[in-house]
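A.B. asks: Numbering (the numbering used here), first residue to last: 557 to 900. Glycine included, C-beta positions come from ideal geometry on N, C-alpha and C. This structure is a prediction, so every number in the text was calculated from the model and none was measured. Sharing a structure, written as structure tokens. Questions coming.
Here it is as structure tokens:
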């Protein structure tokens, strides 16, 4: 049990004796209390009196609540407006002469910060409905019984070069608003770039293939014949695997569909514009982030290919399984956001 709190009468008696010149040690002896208790009562009393005496001092702020509301409307009107433009508009409309640093501080007070514009595409109503319909029959899938049978695959263009970022005003936890993301300009003069195809299963990474920049239906079939069969033979010798690929033209061509039927490849239907539901996208992100630390060491396309394969091989089965474990959460979040982009 904690110590019994002191009554207000006891506190007043301690303060009265102290103001009359009685020492702390003598007060403790007279009241049969520890000296630390007496000192705490005195210290807290003087601390509260000091705060009360100093409250309200100083020059009043120039910016009032009305000015803050106006600043919020200026930012919300166009999230891509730079601080320099907002500063000029705010000064013209309010007549306040603030420095840009002070104005930025008030923007943060409104919980607006400058952040890079996300490259995620905006989903229209048709795409959102398709995503919701796709998730409905899979909302009760478990990782052990259903998702572990899926082989996820995808292509990705990996570039080494400079990217131009577009910055927007964003609040913490605001999510994916249509005006917070969209196409951003990418430098066409990347030093090196490689198109890769890869697949993963529940037990770990599958195969990784270096592709030509322009993949066609026939080259996609050649890629699957070379790289999909080893994964099926190793991970699903008894069958039961389901292959996932997105709706890219090379994936949905007639000859590709015929090849899958002839070879008894069961496929998972996939909604358009849904990279956030494909866990292999997290692997592409990991590869690209780790490559940024090796930029100065990559002097040729061959160096880039070697680094990509090294990073791919370093991915552990535990990490891959953690991605599979996130699939039920992705499905639930898709429903909560009514088909909009999830955080993944």
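(1) Strictly by DSSP, which residues pair up with residue 765?
(2) Judging by CA-CA distance, which residue of 704, 691, 752 and 727 is the nearest neighbour of residue 715?
(3) Roughly how many angstroms separate the alpha carbons of residue 712 and residue 647, rounded to a whole number?
(4) For residue 566, does the three-state DSSP call read helix, strand or coil?
(5) Counting pairs of Cβ atoms below 8 Å between the region 579-597 and the region 624-636, do you hit three or more?
(6) Check this for me: beta carbons of residue 663 and residue 688, under 9 Å apart or not?
(7) Starting from the N-terminal side, write out each stretch of the beta strand (DSSP E) that is 3 residues or longer and does not extend beyond the region 649-683.
(8) Using beta-carbon positions only, say whether residue 780 and residue 800 come within less than 9 Å of one another.
(9) Keeping to the same chain, check which residues put their C-beta closer than 8 Å to that of residue 701; ignore five residues upstream and five downstream.
(10) Quick one, which of 619, 759 and 813 has its alpha-carbon nearest residue 874's?
(11) Is it right to say residue 895 is buried, meaning 16 or more other beta carbons lie within 10 angstroms of its own, or is it exposed?
(12) Can you tell me which residues form a DSSP beta bridge with residue 824?
(13) Three or more C-beta pairs under 8 Å: does that hold for the region 863-874 against the region 825-844?
(14) By the three-class DSSP mapping on this structure, what secondary structure does residue 719 have?
(15) Taking 9 Å as the threshold (C-beta atoms), are residue 756 and residue 709 in contact?
(16) Do residue 697 and residue 883 have their C-beta atoms closer together than 9 Å?
(17) To the nearest angstrom, how far is it from the Cα of residue 806 to the Cα of residue 819?
(18) Taking DSSP's pairing of strands, which residues face residue 710 in a bridge?
(19) Output the distance between the C-alpha atoms of residue 603 and residue 582, rounded to the nearest integer angstrom.
(20) Helix, strand or coil: how does DSSP classify residue 899 here?
(21) To the nearest angstrom, how far is it from the Cα of residue 886 to the Cα of residue 634?
(22) Along the chain, where does the alpha helix (DSSP H) that runs through residue 816 open and close?
(23) If you draw a straight line from the alpha carbon of residue 814 to that of residue 881, how long is it in whole angstroms?
(24) Between the C-alpha atoms of residue 615 and residue 636, what's the straight-line distance to the nearest angstrom?
(25) Let me know if residue 862 comes out buried or exposed under the rule of 16 or more other beta-carbons within 10 Å of its beta-carbon.
(26) When burial is assigned at 16 or more other CB atoms within 10 Å of the CB, is residue 793 buried or exposed?
(27) If we count the other Cβ atoms within 10 Å of its Cβ and call it buried at 16 or more, is residue 655 buried or exposed?
(28) Could you have a look at residue 646 and say whether DSSP puts it in helix, strand or coil?
(29) Can you give me the start and stop residues for the alpha helix (DSSP H) that residue 870 sits inside?
(30) Hey, how far is the Cα of residue 864 from the Cα of residue 847?
C.D. replies: From the atom records:
(1) 753
(2) Closest in alpha carbon position to residue 715, among 704, 691, 752 and 727, is 752.
(3) 46 Å
(4) Collapsing the DSSP output to three states places residue 566 in a helix.
(5) Proximity of the region 579-597 to the region 624-636 falls short of the contact definition, fewer than three beta-carbon pairs being nearer than 8 Å.
(6) no
(7) Counting only runs of 3 or more, we get 668-672.
(8) Contact: no.
(9) none
(10) 759
(11) Buried, since its Cβ has 16 or more Cβ neighbours within 10 Å.
(12) 800
(13) yes
(14) Any answer about residue 719 is weak, because its pLDDT of 43 lies below 50 and its placement is not dependable; what the coordinates show is given next. Correct three-state label for residue 719: strand.
(15) yes
(16) yes
(17) The C-alpha of residue 806 lies about 18 Å from the C-alpha of residue 819.
(18) 754
(19) Going by the C-alpha atoms only, they are around 22 Å apart.
(20) coil
(21) 30 Å
(22) 810-818
(23) 32 Å
(24) 34 Å
(25) exposed
(26) exposed
(27) Only exposed fits residue 655, as fewer than 16 other CB atoms lie within 10 angstroms of its CB.
(28) helix
(29) 857-870
(30) Rounded to the nearest whole angstrom, the CA to CA distance from residue 864 to residue 847 is 8 Å.
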